[in-house]
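**Student:**
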Amino acid sequence: MRKLLLPFLLPVLLATSFAAGARDNPLLQPSSLPLGYPHFDQIQDADFAPALQAGMALHWREVDNILRNPAAPTFENTVEALERAGRLLGRTQNMLGSLSGTDNNPARQALQQRLAPEMAAHRDRIALDPRLFARIDALLKAKPKLDAEQQRLLERMHRNLRRAGAELPLDKQQRLREINSELAQMGAEFNRKVLAGVNDAALFITDRAALTGLSDAEIDALKQADGRFQIALQNTTGQPLLHRLQHRPLREQLYKASIARGSQGDANDTTALVSRFAALRAERAALLGFATYADFELQEQTAKEVKTVNALLRQLAPAAVASARKEQVALQQLADQEQDAAGQPRFALQAWDWDFYSERLRAVQHGYDGEQLRPYLELQTVLERGVFHAATELFGLTFKRRHDLPVYHPDVQVWEVFAPNGKTQALLLLDLYARPSKRGGAWANGYVRQSRLFGEKPVVGNHLNIPKPAPGQPTLLTWSEANTLFHEFGHNLHSMLSDIRYPGLAGTPRDYVEYPSQVNEMWLSWPSVFKHYARHHQTGAPMPEALLNKVLGAGTFNQGFATTEYLGATLLDQRWHQLSLAEVPKPEMVMAFEARVLQQEGFGPDQTLVAPRYRTPYFSHMVGGYSAGYYSYLWSELLDATTVEWIEKNGGLSRQVGEQLKRHVLSIGGSKDIMAEFETMVGSKPKLEPYLKRRGLSLSN
Ligand SMILES: [Zn+2]
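Going left to right, the sequence shown walks through residues 0 to 700 as numbering that gives the first Met the number 0 numbers them.
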């Protein structure tokens, strides 16, 4: 394992500055653009290493000065001073992290992998400095007169330091440093392998006829310079084209290419990394006094305890699997009928047939298929007349496109967001198309976070992976892509409407983070919003009411599948993080462990055809930011479904509802007791029933 590189920082710094010539490194100064919007046009890859290293050095000097202060600790000279430290480092790290997600390249990958352990060491150097804990501890015990937000920040800092190991003896702290360094390096390596794996798994088809089921325009968009057709994969088990490829062998090939990623013993194999991750996390949790890593993680979440999450999963898993099994029977019947009608032999449905026949079944049962909706879901119209419109009706926000700010890719759009009083509220970047340099999935990020301490307003990003149409063709979304656009924008709203003083209180527990974004999905099918955006991209005609009613009437269609694939992944994430060090499987047993867990909990292939949404080797959430926290989507959905019910009873899309959401959810970050605020708003604790109803699940079967 590569060791810490601190002694070598200086030569690297000099060499890189020299190579960059007389030019100023734009990362070293705060951006001069509005709201601190990044200078994407000036930043070069070679700027990152010197800026990160300068940032770490400066951050350390700032912290060291705070700790050398002979005066007794006060909130201002310690807590607030710490909040003010590390700005250059934070800004640069955030920038590198953002660009590595949206537009990665070998230079950025190498840099992240090289610097990740150094940055972990930097964090530990501060968190494990005994002077720091002594100062914060003394301040907490002195019970200074503070306002609620300040008290909360002080307590959070104290807790964070304890959780980082500040109270451990030196030998255990040393081991923690080693673990953190190795974990950081492996994280970058895992991401690189997953991205390479998904790109390398692309299929190249020579026979156009094999693509039957797709439109001519879509097939043309897949065409490569050499005449072959490329099917790029997404980083989920399911692949969008499985819904429509009529050629069964190609479906099988695509599905198998997807689930094989990361476990084939090639350069992109991640099983050894996964096993090592689990071992290091288990060891870290043990050092900090927890039974497992999941116990450690959940302590800071609203769910609080492993047993709470396990109990919820145990309750829901059989219901979801039973529902999926019913769906499977219906799909098999349909497949049999179609084979009989065509005079072809019947076959037992396989996992790669599920999406295809569920689309057909939807057409039979509900009278429409997803393709009929797409002409009414043109991207820019859904965005401006749907997503933005709902935000205007709820929060009085208005939006104006800006063309004068630099972007890191020509597909990125920038919008200025205005508060009801006409003042600038935020800047919003929309980066909606898939490309090989972008990681999979959809996510929101923040380039600049709101804080009153620094007088800063938010600059936020919204990232989707919509396949780009051939030049000159409109971007027509699927229903699910339109839903994702509303979802990610819900995260953006959470950042853009934030109104807190201290950046250290901006964040919320992870199992709450998905809540505002999930609530925002409700406006996709809210009648007045829907009528506003769902227009035919050529004629401008509204989507026929009858078609909309069919969509809404389909309600819980295929929800057994969706819930099961999600719960399968959630279960894997929990089980991997509920292991003691001795129980962690060796690399060669990683896939066997996965199979055993799924089988034991009723998710095995002989129970349903539904594989987890992510299998272990490409489960980026599990290895990255959602470790032991993938259940968060479920947890947040309980809050979401309860809130949607409340909104429906309290006026729906209105400024009045918007104000409540803003006051109790979107503006407060983690500066208040979020669950108490939730209960004040909806008048109850989160309820299970609205969730079950929405998912078509019944606990009795
Ligand atoms: Zn989300």
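The beta-carbon is built from N, C-alpha and C at its ideal position, and this holds for glycine as well.
Three or more beta-carbon pairs under 8 Å between the segment 617-630 and the segment 179-192, yes or no?
**Tutor:** Touching, yes.
**Student:** What is the rounded straight-line gap between the Cα of Ser436 and the Cα of Asp219?
**Tutor:** Approximately 21 Å, taken between the alpha carbons.
**Student:** Does the contact criterion of 3 or more C-beta pairs under 8 Å hold for the segment 295-314 versus the segment 620-628?
**Tutor:** They touch, by the three-pair rule.
**Student:** Is the beta carbon of Glu480 within less than 7 Å of some heavy atom of ligand 1?
**Tutor:** Not under cutoff, so the answer is no.
**Student:** What residues are listed by DSSP as bridge partners for His462?
**Tutor:** Asp430 and Trp442.
**Student:** What are the boundary residues of the alpha helix (DSSP H) that includes Leu202?
**Tutor:** Note, Leu202: premise wrong, no alpha helix (DSSP H); beta strand (DSSP E) at Leu202 to Ile204.
**Student:** Taking 6 Å as the limit, tell me which residues put their C-beta closer than that to any heavy atom of ligand 1, in chain order.
**Tutor:** Every residue passing the under-6 Å Cβ criterion appears here: His486, His490, Glu513 and Ser516.
**Student:** CB-CB under 7 Å to Leu272, same chain, minus the five flanking residues each way: which ones, in chain order?
**Tutor:** For Leu272, where only same-chain residues beyond five positions count, the Cβ hits under 7 Å are Met185, Glu188 and Phe189.
**Student:** Measuring only the C-alpha atoms, how far is Gln327 from Asn557?
**Tutor:** The straight-line gap from Cα to Cα measures roughly 9 Å.
**Student:** If you measure between the beta carbons of Phe560 and Glu520, is that distance less than 8 Å?
**Tutor:** Cβ atoms of Phe560 and Glu520: not closer than 8 Å.
**Student:** Return no unless some Cβ of chain D is closer than 8 Å to the Cβ of Leu51.
**Tutor:** Although the question refers to chain D, the structure presented lacks it and comprises just one protein chain.
**Student:** Since Thr91 contacts Leu26 with CB under 8 Å, what's their CB separation in whole angstroms?
**Tutor:** Sure, about 5 Å apart at Cβ, within 8 Å.
**Student:** Counting only the same chain and skipping the five closest in sequence on each side, list residues whose C-beta sits under 6 Å from that of Leu393.
**Tutor:** Excluding residues within five positions, the ones whose Cβ falls inside 6 Å are Gly657.
**Student:** Could I get the ranges of all uninterrupted alpha helix (DSSP H) runs contained in the segment 317-375, with 4 residues as the minimum, in chain order?
**Tutor:** Complete alpha helix (DSSP H) runs here, min 4: 353-365 and 369-372.
**Student:** Cutting at 7 Å between CB atoms, please list the residues of its own chain near Asp102, excluding the five before and the five after it.
**Tutor:** If we look at Asp102 and ignore the five residues flanking it on each side, its Cβ neighbours are Tyr407, His408, Ser436 and Lys437.
**Student:** From what residue to what residue does the beta strand (DSSP E) around Glu415 run?
**Tutor:** Glu415 -> beta strand (DSSP E) spans Gln412 to Phe417.
**Student:** So does the segment 277-289 actually touch the segment 175-183, counting three or more Cβ pairs closer than 8 Å?
**Tutor:** They touch, by the three-pair rule.
**Student:** Suppose the cutoff is 7 Å on Cβ atoms and the five residues either side in sequence are ignored; what does the same chain contact list for Gln331 look like?
**Tutor:** Counting only Cβ-Cβ distances below 7 Å, and skipping sequence neighbours, we find Leu348.
**Student:** Okay, do the segment 536-543 and the segment 282-300 touch, 3+ Cβ pairs below 8 Å being the bar?
**Tutor:** The segment 536-543 vs the segment 282-300: no contact.
**Student:** What distance in whole Å lies between the Cβ atoms of Ser516 and Pro457, which are believed to be in contact at a cut-off of 8 Å?
**Tutor:** Not quite, the Cβ-Cβ distance comes to about 15 Å (not below 8 Å), so this is no contact.
**Student:** Give the DSSP bridge partners of Ile705, in chain order.
**Tutor:** Residue coverage of the chain in this structure runs from 0 to 700, which leaves residue 705 outside it and unanswerable.
**Student:** Candidates Asp672, Leu145 and Asn444: which alpha carbon is nearest Asn93's?
**Tutor:** Closest option to Asn93, Cα to Cα, is Asn444.
**Student:** Do you know how far the Cα of Val664 is from the Cα of Glu676?
**Tutor:** So the alpha carbons of these two residues sit roughly 7 Å apart.
**Student:** When you compare each of Val589, Arg250, Arg574 and Pro69 to Gln599 by their alpha carbons, which one comes out closest?
**Tutor:** Per the Cα distances, Arg574.
**Student:** Go through its chain and collect everything with a Cβ distance to His490's Cβ below 6 Å, but skip five positions before and after it.
**Tutor:** So the list reads Ala443 and Ser516, once near-sequence residues are dropped.
**Student:** Rounding to the nearest angstrom, what Cα-Cα distance links Ala266 and Lys585 in this structure?
**Tutor:** In a straight line, the C-alpha of Ala266 is about 18 Å away from that of Lys585.
**Student:** Please list, in chain order, all residues of the same chain as Pro685 whose beta carbon is under 7 Å from its beta carbon, the five residues on each side excluded.
**Tutor:** Leu637, Leu638 and Thr641.
**Student:** By Cβ distance, which residues of its chain are closer than 7 Å to Met674, with the 5 residues on each side in sequence left out?
**Tutor:** Around Met674: Thr301.
**Student:** Specify, as a first and last residue, the run of the alpha helix (DSSP H) that Arg83 falls within.
**Tutor:** Ala80 to Arg83 is the span of the alpha helix (DSSP H), which, as asked, contains Arg83.
**Student:** Do Ile230 and Ile499 have their C-beta atoms closer together than 8 Å?
**Tutor:** No, they are not a contact pair.
**Student:** Excluding the five sequence neighbours on either side, which residues of its own chain have a C-beta within less than 6 Å of the C-beta of Leu404, listed in chain order?
**Tutor:** Hits under 6 Å: Tyr36 and Val413.
**Student:** Helix, strand or coil, according to DSSP, for Gln424 in the structure here?
**Tutor:** Here Gln424 sits in strand by DSSP.
**Student:** Around the C-beta of Ala18, are 16 or more other C-beta atoms found within 10 angstroms, so that it is buried, or is it exposed?
**Tutor:** Confidence in Ala18 is poor, its pLDDT being 46 and thus under 50, which makes the residue's placement too unreliable to answer from.
**Student:** Please report the straight-line C-alpha distance between Leu213 and Arg243, rounded to a whole angstrom.
**Tutor:** Computed Cα separation, rounded: 7 Å.
**Student:** Which of the three DSSP states is assigned to Arg500 in this structure?
**Tutor:** Three-state result, Arg500: coil.
**Student:** Give the DSSP bridge partners of Arg534, in chain order.
**Tutor:** DSSP lists Pro541 as partners of Arg534.
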